[in-house]
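*Asks:* So for the sequence shown, this note's numbering puts the first residue at 253; every next one is plus one.
The following block contains the structure, expressed as structure tokens.
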Amino acid sequence: MKIIIATQNPHKVEEIKEIAKLFNITGVEFSPIDKSLNFNPIENGTTFEENSIIKAKEANKLTKEYTLADDSGLCTEGLNGAPGIHSARYADSPQKRIDKLLANLKDSKNRKAKFVCAMTLISPKGEILFKSIGECKGEISYTQSGTHGFGYDPIFIVENTQKTMADMTEEEKNRLSHRSLALQKVFNYIQQEMNLPK
């Protein structure tokens with residue numbers, strides 16, 4: 253079974269493949285959407301789920317294959333949920349996004365945060381087969397730590413650990429990340445409803 257991942261972000265594609273490997277998912281080939289296709293969805297939803305559906309539908313329109321889209325971001329309590337669905341567009345580069353968030357939280361005692369991931373799986377006919385949400389709770393650190401991961405990982409301390417996501421090994425992160433939790437629900441659906449081997 254082939255599933256097109258509705259992204260041109262190589263980090264996301266690799267992470268999804270690694271998570272599938274970690275949970276021994278067989279019989280599924282995950283491929284990024286072809287760069288030659290004009291994949292440029294207008295992400296004008298107001299929630300992660302809405303944007304996930306927009307991306308999955310756009311990818312399906314272009315490929316007519318099973319498509320899986322992920323929309324994810326970081327929500328902080330101290331900033332009323334920001335950056336939220338604007339996480340990837342919060343500033344011009346990954347480092348500038350981190351700097352801006354730390355600056356905006358400078359005077360906040362509430363450092364609670366969560367990473368959220370919404371996933372949508374669509375059939376070749378364009379029907380929504382399954383949707384899931386994964387959340388990873390934690391808090392925002394005062395300084396960056398760690399060299400693994402990407403995005404806001406160096407400033408997100410995972411709940412019940414002393415580590416930022418960027419301090420964790422790939423396997424540690426892939427067992428508990430928001431993307432992993434949402435993806436595990438997708439895997440369960442595929443195995444149960446599509447009779448893939450477990």
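Glycine is no exception: its CB is placed at the ideal position from the N, C-alpha and C atoms.
Since the structure is predicted, the reported quantities are computational estimates derived from the model, not experimental observations.
Compute the Euclidean distance between the alpha carbons of Gly297 and Asp323, then round it to the nearest angstrom.
*Replies:* To locate residue 297, count along the sequence shown from 1; it is residue 45. To locate residue 323, count along the sequence shown from 1; it is residue 71. Roughly 10 Å separates the two Cα atoms.
*Asks:* Are the region 306-315 and the region 258-266 in contact at 8 Å, needing three or more beta carbon pairs?
*Replies:* As far as the Cβ criterion goes, the region 306-315 touches the region 258-266, which means the pair count is three or higher.
*Asks:* Find the nearest neighbour of Ile409 within the set Leu320, Thr278 and Phe367, judged by alpha-carbon distance.
*Replies:* Along the sequence shown, one-based indexing puts residue 409 at 157. If we check each option's Cα against that of Ile409, Phe367 comes out closest.
*Asks:* Could you tell me which residues DSSP puts in a beta bridge with Ile385?
*Replies:* For the purposes of this step, residue 385 is identified with residue 133 of the sequence shown, where counting begins at 1. Ile385 pairs with Ala370.
*Asks:* Can you tell me which of Ser393, Arg341, Leu373 and Met253 puts its alpha carbon nearest to the alpha carbon of Glu516?
*Replies:* Here the chain comprises residues numbered 253 to 450, so residue 516 is not present and cannot be evaluated.
*Asks:* Taking the alpha carbon of Ser283 as the point to measure from, which residue in Glu266, Phe382 and Phe275 has its own alpha carbon closest?
*Replies:* Position 31 of the sequence shown, counted from the start, is the residue given in the question as residue 283. Comparing Cα positions, the closest option is Glu266.
*Asks:* In chain order, which alpha helix (DSSP H) runs of at least 4 residues are fully inside the region 404-433?
*Replies:* Runs found: 422-428.
*Asks:* Ignore the nearest five residues each way along the sequence and tell me which others in Tyr441's own chain have a CB closer than 6 Å to its CB.
*Replies:* Sequence index remark: in the sequence shown, residue 441 carries index 189 (1-based). The answer, listed in chain order, is Phe382.
*Asks:* Between Glu387 and Ile277, what straight-line distance do the alpha-carbon atoms span, to the nearest angstrom?
*Replies:* Start at 1 with the first residue of the sequence shown, and residue 387 comes out as number 135. Start at 1 with the first residue of the sequence shown, and residue 277 comes out as number 25. Their backbone Cα atoms lie some 21 Å apart in a straight line.
*Asks:* How big is the Cα-Cα spacing for Leu353 and Gln414?
*Replies:* Sequence index remark: in the sequence shown, residue 353 carries index 101 (1-based). Sequence index remark: in the sequence shown, residue 414 carries index 162 (1-based). About 20 Å.
*Asks:* Along the chain, where does the alpha helix (DSSP H) containing Ser324 start, and where does it finish?
*Replies:* On the sequence shown, position 72 is the one that residue 324 refers to. Looking at the DSSP string, Ser324 is not in any alpha helix (DSSP H); the run it does join, the beta strand (DSSP E), is Tyr318 to Thr328.
*Asks:* Since Ile257 is in the beta strand (DSSP E), which residue starts that stretch and which ends it?
*Replies:* The residue you call residue 257 lines up with position 5 of the sequence shown. From DSSP, the beta strand (DSSP E) with Ile257 extends over Lys254 to Ile257.
*Asks:* When the Cβ atoms of the region 328-343 are set against those of the region 369-381, are three or more pairs found closer than 8 Å?
*Replies:* Touching, no, given that fewer than three Cβ pairs across the two stretches are closer than 8 Å.
*Asks:* The beta strand (DSSP E) that contains Glu295, what's its start and end?
*Replies:* Here residue 295 is taken as the residue at index 43 of the sequence shown, counted from 1. Taken as a continuous stretch (DSSP letters only), Glu295 belongs to no beta strand (DSSP E), as it is neither H nor E.
*Asks:* Could you check the C-alpha separation between Asn292 and Val280 for me, to the nearest Å?
*Replies:* Within the sequence shown, residue 292 is the residue found at index 40, counting from 1. Within the sequence shown, residue 280 is the residue found at index 28, counting from 1. Answer to the nearest angstrom: the Cα atoms are 25 Å apart.
*Asks:* What does the alpha-carbon distance come out to for the pair Tyr394 and Ile407?
*Replies:* Indexing the sequence shown from 1 puts residue 394 at position 142. Indexing the sequence shown from 1 puts residue 407 at position 155. When rounded, the distance between both Cα atoms is 7 Å.
*Asks:* Could you check the C-alpha separation between Ala418 and Gly336 for me, to the nearest Å?
*Replies:* Numbered from its first residue, the sequence shown carries residue 418 at position 166. Numbered from its first residue, the sequence shown carries residue 336 at position 84. Going from the Cα of Ala418 to the Cα of Gly336 covers about 20 Å.
*Asks:* Which residues mark the beginning and the end of the alpha helix (DSSP H) in which Glu310 is found?
*Replies:* Here residue 310 refers to the residue found at position 58 when the sequence shown is read from its first residue. Run containing Glu310: Phe300 to Thr315, per the alpha helix (DSSP H) assignment.
*Asks:* Would Lys364 pass as a contact of Glu329 if the rule is Cβ separation under 8 Å?
*Replies:* Within the sequence shown, the letter at position 112 stands for residue 364. Within the sequence shown, the letter at position 77 stands for residue 329. Yes, Cβ-Cβ distance for Lys364 and Glu329 is below 8 Å.
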